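Novice: Numbering (the working numbering), first residue to last: 3 to 105. For each residue, glycine too, the CB sits at the ideal point set by N, CA and C. For clarity, every value in this text was computed on a predicted model and none was experimentally measured.
#1: Under the DSSP definition of a beta bridge, which residues are partnered with residue 82?
#2: Check this for me: beta carbons of residue 75 and residue 89, under 9 angstroms apart or not?
#3: In the DSSP assignment, find the alpha helix (DSSP H) that holds residue 19 and state where it starts and stops.
#4: Taking the alpha-carbon positions, what's the residue 87 to residue 46 distance?
#5: Following the continuous alpha helix (DSSP H) through residue 12, name the residue where it begins and the one where it ends.
#6: If residue 83 and residue 93 are in contact, beta carbons under 8 angstroms, what's the gap, nearest whole angstrom?
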């Protein structure tokens, strides 16, 4: 049975002796096969840097330094929403959500 399956695969141009995970590409963009499916993407702008995340910490989604927090606070204070700073509006919204959730 195995020999017949191998013969049919070779007739279609496939080689059953080759590991499919080693030779297969993803069907969609950024789709990997096997372990490559879970590897972080390498962006062209960061190619060769050895870094997964941008060096410019203002583009990070996670705070790594206190300066990031201070810059965000200053930025939110400079934005006005309904006569109040965006920081005050955000704190009020978070407090209202917390009061609603923890009643």
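Specialist: Put simply:
#1: Looking up residue 82 in the chain shown gives position 80. In DSSP, residue 82 forms a bridge with 87.
#2: As a working note, residue 75 is residue 73 in the chain shown. As a working note, residue 89 is residue 87 in the chain shown. Contact: yes.
#3: Within the chain shown, residue 19 is the residue found at index 17, counting from 1. Residue 19: not part of any alpha helix (DSSP H); DSSP gives it neither H nor E.
#4: Taking the first residue of the chain shown as 1, we reach residue 87 at position 85. Taking the first residue of the chain shown as 1, we reach residue 46 at position 44. Cα-Cα distance, rounded: 38 angstroms.
#5: Residue mapping note: residue 12 aligns to position 10 of the chain shown, counting from 1. Element bounds for residue 12: 4 to 13.
#6: Indexing the chain shown from 1 puts residue 83 at position 81. Indexing the chain shown from 1 puts residue 93 at position 91. With 8 angstroms as the limit, residue 83 and residue 93 do not qualify as a contact, their Cβ atoms being about 12 angstroms apart.
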